[in-house]
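Protein chains: 2
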Amino acid sequence: MAQRRQITGFSNPTVKFLRSLRDKKHRKAAGQFLAEGLRLLTDARECGHLPLILAMATGRDPHPLLDALEADVLAAGGEVLEMAPDLLSKITGKDNPQAVCGVFDEFDTSLAGINRSAAKIWLVAQALRDPGNLGTMLRTGDAVGAGGLILIDDCADPFSAEAVRASMGAVFTQKVVQARWEEFLPWLRSGPGQLVAASLRDAVDYRGAPYAAPCFLMVGNESRGLPEVYEAACDLRVTMPMKGRADSLNAAVAGAVLAYEALAHLDR
Amino acid sequence: MAQRRQITGFSNPTVKFLRSLRDKKHRKAAGQFLAEGLRLLTDARECGHLPLILAMATGRDPHPLLDALEADVLAAGGEVLEMAPDLLSKITGKDNPQAVCGVFDEFDTSLAGINRSAAKIWLVAQALRDPGNLGTMLRTGDAVGAGGLILIDDCADPFSAEAVRASMGAVFTQKVVQARWEEFLPWLRSGPGQLVAASLRDAVDYRGAPYAAPCFLMVGNESRGLPEVYEAACDLRVTMPMKGRADSLNAAVAGAVLAYEALAHLDR
C-alpha cells in the first residue's frame with residue numbers, strides 16, 4: 121500500500137531493517153539492497169528500477185528529480201519515509217549521508233538470466249574480493265557496452281553499498297551473474313563465446329590479439345590472479361606490458377585496459 | 121643509534137608516535153609515513169629505501185626477507201621494535217595487521233626534484249580525492265614505465281596508508297610531485313612536454329591520437345573532472361568511447377586506459 125510516513129525513533133523497525141541491509145547476511149535473507157544518493161536513484165529510475173522504500177532526510181534541499189522519484193515510488197505502491205539526517209546516518213553508516221537512499225530487490229544473478237549474444241563483450245571476475253574493484257568493473261562494463269559482469273567463485277557482494285556506489289549506477293544497467301567455475305565453463309561451452317584470460321603464463325600481447333565476439337574477458341583475484349587450470353581452459357591468454365618492478369595491475373584496471381583493447385577490435 | 125627493543129605498553133611514546141602517523145596532520149608534522157607488510161617493505165628495501173623504525177609483531181612467522189630487512193635497518197642505524205599483535209593493531213588501525221610495518225621519511229615532492237626527460241610518460245591527477253585511486257595510479261605508472269605521478273591542487277595524501285597500500289610498492293619507485301596548477305603549468309612550458317587531458321570537450325579519439333614524449337597524461341577530480349581552463353591549456357584532449365549510460369570512467373581506470381594507449385604509440 122503506497123504511503124508516506126515520518127519516522128522519528130532509532131528503534132523504529134523500518135529503520136532497523138534498512139540498517140540491517142548494510143550487512144551481507146541480512147541482504148541475502150531479505151533479497152534486497154540499499155542504494156544511496158539522488159544521482160544513483162535517478163539512474164535506477166531511468167533504467168526502470170524503482171525502490172520499494174525511499175528514505176529521505178528532513179531539511180534536504182528540494183530537487184525536481186527527487187520529487188519525480190517520490191511520485192513514481194508512491195504511484196508504484198512503494199513507501200516513502202522522511203527522517204532526521206542522524207537517523208539516515210544510522211542507516212547508511214556515514215557521517216554525511218546523501219539526503220536520500222532506497223531499498224531495491226536484488227536482481228536475478230543466474231547464468232540462465234543472460235543472453236550472451238546481446239553484447240560483444242562480457243567481463244568475468246574470479247574471486248574478486250574488493251567491492252570497490254567490483255563496482256569499478258561494472259562501471260567499465262557500462263562504458264564499453266558490455267553485457268554484464270560474471271562473478272566466478274567467492275567474490276565480494278555486488279549488492280554491497282561500496283560496490284553499488286563504485287558502479288556509479290551500472291549495477292542497474294549491467295547484468296550481474298554469480299556462478300561457480302564448474303557451472304560457468306560448461307555454460308560457456310554450450311554456445312558461442314571466446315574466453316580470454318589476463319595472464320602472465322603462455323600469453324600473447326594483449327594489443328592486437330584475435331578477440332572474437334562474444335568475448336568473455338576474465339581477470340583473477342587481487343592477490344593470486346587466476347588459477348592455472350582456469351587459464352588453461354581459456355581460448356586466449358593475453359598480457360599487458362609491465363615495464364616496472366611490479367608484475368601485475370590492479371584487477372579493475374587490467375580488466376579495463378583489456379576491455380578497451382577488445383572493444384577497438386570488435387567494433388571495426 | 122641502532123637498537124632492538126621490546127615494547128609492551130599502549131602508552132609507550134613510540135607506539136603513540138607510530139599510531140599518530142595514521143593521521144595526515146601528524147604525518148606532515150613529522151615528515152614521515154607508515155608502510156605495512158613484508159612485501160611492501162621488501163619492495164622499498166630493494167629500491168634503496170629503508171625504514172627508520174621497523175615494528176614487528178611477536179609470534180610472527182619467521183621469514184628470511186624479514187631477517188634481511190631487520191639486519192639492514194639495524195646496520196643503517198634504525199630502530200627495530202617488537203610488540204604484541206594487539207599493539208601493532210593499534211598502530212595500523214586494522215584488526216588483522218600484517219606482521220610488520222615501517223616508518224619512512226616522506227620524499228621530496230617538488231617539481232624541481234624531477235627530470236622530465238627520464239621517462240616518456242608522466243601521469244598527472246588534478247584534485248584526486250580517493251587515496252585508493254591515487255595508489256592505483258602509482259601502480260599503473262610503474263607498469264607503463266612512467267616517471268611519476270604529479271598531483272595538482274588538493275589531492276588525497278600520497279603517503280596515507282591506503283594510497284601506499286594501493287600503490288603496491290610503486291610509491292617507492294615512482295616520483296610523486298605535489299604542485300598547484302599555477303606552478304605546474306609554467307614549469308611544464310619551461311621545457312619539452314605534451315600535456316594531454318582525458319576530456320569530453322573538443323576531444324579526439326584517444327586511440328591513435330598524436331601522443332609525443334615526454335607525454336603528461338592528466339585526469340581530473342572523481343566528481344567534477346578537469347576544470348575547463350585546465351583542459352583549454354592542454355596540447356591535446358582525448359576521449360574514450362562511452363557506449364553506455366555513464367559519461368565517465370573511474371579516474372584511475374581512465375588514466376590507465378590512456379597510459380597504455382600512449383605507451384603503445386610512444387614505444388613504436
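In order, the protein sequence lines correspond to chains A and B.
Sequential numbering of the first sequence, starting at 121, is according to our numbering.
Sequential numbering of the second sequence, starting at 121, is according to our numbering.
Positions of the beta carbon are idealized from the N, C-alpha and C atoms, including for glycine.
Since we're looking at a predicted model, the values are computed, not measured.
At a Cβ-Cβ threshold of 8 Å, B:V316 and B:L356 count as neighbours. From the listed residues A:A290, A:P184 and A:T178, the smallest Cα separation to A:D163 is found for A:A290. Taking each of B:C354, B:A384, B:D273 and B:A150 in turn and checking the Cα distance to B:R309, the smallest one comes out for B:C354.
Nearest neighbour of A:E351 by Cα position, chosen from A:S230, A:A379, A:A245 and A:E199, turns out to be A:A245. In summary, A:R147 is buried, with 16 or more beta-carbon neighbours lying within 10 Å of its beta-carbon over all protein chains present. For the pair A:T359 and A:Y326, the CB atoms are nearer than the 8 Å cut-off. Taking a 10 Å sphere around the C-beta of A:A232, we find fewer than 16 other C-beta atoms and assign the residue as exposed. Going by DSSP, A:M203 is part of the beta strand (DSSP E) stretching over E199 to M203. Beta bridge pairing from DSSP links B:A245 with B:L271 and B:V339.
According to the DSSP assignment, A:T293 belongs to no alpha helix (DSSP H), since it is labelled neither H nor E.
Contact between the region 248 to 255 of chain A and the region 369 to 385 of chain A is present, with at least three C-beta pairs closer than 8 Å.
For B:D143, the closest Cβ of chain A is not nearer than 8 Å. By the CB criterion at 8 Å, A:L174 and A:L141 fall outside the cutoff. With contacts defined by Cβ atoms closer than 8 Å, A:L154 and A:L138 form a contacting pair.
Distance from the CA atom of B:G328 to the CA atom of A:G168, rounded to whole angstroms, is 37 Å. Taking a cut-off of 8 Å on C-beta distances, the region 187 to 203 of chain B touches the region 125 to 135 of chain B, as three or more cross pairs fall below it. One thing to note: B:V220 has its Cβ within 8 Å of the Cβ of B:L158. Between B:K363 and A:D262, the alpha-carbon positions lie close to 7 Å from each other. Counted as a single uninterrupted DSSP element, the alpha helix (DSSP H) harbouring B:G252 occupies residues P251 to V264. Taking 7 Å as the Cβ-Cβ cut-off, the region 346 to 357 of chain A has no residue approaching chain B. Sorting B:A281, B:D181 and B:A299 by C-alpha distance to the C-alpha of B:S230 places B:A299 at the top. Residues of chain B with a Cβ closer than 8 Å to the Cβ of A:T260 are, in chain order, L369, N370 and V373.
By the C-beta density criterion, B:A177 is buried, having at least 16 other C-beta atoms within 10 angstroms. The beta carbon of A:F279 sits closer than 7 Å to those of R147, F153 and E226, all from its chain and outside the five residues before and after it, given in chain order. A residue is called buried when at least 16 other Cβ atoms come within 10 angstroms of its Cβ; B:F130 does not meet this threshold and is exposed.
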